[in-house]
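Using full-length UniProt numbering, the letters of the sequence shown map in sequence onto residues 1 to 119. Encoded as structure tokens, the structure appears first; notes follow it.
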Amino acid sequence: MPEQNFEAEHQEALHNLKQNLPNDEDLDAMVNIFKAFGDMTRVKIILALAKTPLSVGEIADTLDMSQSSISHQLSILKQLNLVSNARRGRNIHYRLSDQHIITIFKQTQEHIIEDENDF
Numbered sequence: 001m002p003e004q005n006f007e008a009e010h011q012e013a014l015h016n017l018k019q020n021l022p023n024d025e026d027l028d029a030m031v032n033i034f035k036a037f038g039d040m041t042r043v044k045i046i047l048a049l050a051k052t053p054l055s056v057g058e059i060a061d062t063l064d065m066s067q068s069s070i071s072h073q074l075s076i077l078k079q080l081n082l083v084s085n086a087r088r089g090r091n092i093h094y095r096l097s098d099q100h101i102i103t104i105f106k107q108t109q110e111h112i113i114e115d116e117n118d119f
């Protein structure tokens, strides 16, 4: 009898899974965000912006990179709505669009630490 319950529950879960998967447009957006996280410079920029809003020049100085390289990476992050900007005097300062990104990074770091403790 427990085997029949398992099979029925499994079939229901399978049906619900098919009904609740994100659509291709949402999946594409998710994949693009994870692709952005695949670049170490963009990750460094995100981690820096998690601390405080920064201008392109401040990010470039912090990461020892050219302003044009930082601007290029910021434009990718902005297209994905991961960062936003606002003018402050003569400079434009960038900041994270929301804290969801930091949650993803914190969970990733916890995952790494957990894996290290498994050995």
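Built from N, CA and C at the ideal position, the CB exists for glycine as well. Just so you know, these numbers come straight off a predicted model, no measurement behind them.
{"query": "Beta bridge counterpart(s) of N85 as assigned by DSSP", "result": "Y94"}
{"query": "Of the residues Y94, G89, S68, the one placed nearest K51, counting alpha carbons only", "result": "Y94"}
{"query": "Rounded separation between V31 and E3 - CA only", "result": "37 Å"}
{"query": "Segment contact flag, the stretch 17–29 with the stretch 55–67, C-beta cutoff 8 Å, min 3 pairs", "result": "no"}
{"query": "Nearest to I45 (by Cα), restricted to the options A29, V83, L27, L17", "result": "V83"}
{"query": "S66 in three-state terms, based on DSSP", "result": "coil"}
{"query": "Spatially closest choice to P53 from Q109, N91, N117, F105, by CA coordinates", "result": "N91"}
{"query": "Own chain, CB closer than 7 Å to I101, minus 5 neighbours either side, in chain order", "result": "I46, L82"}
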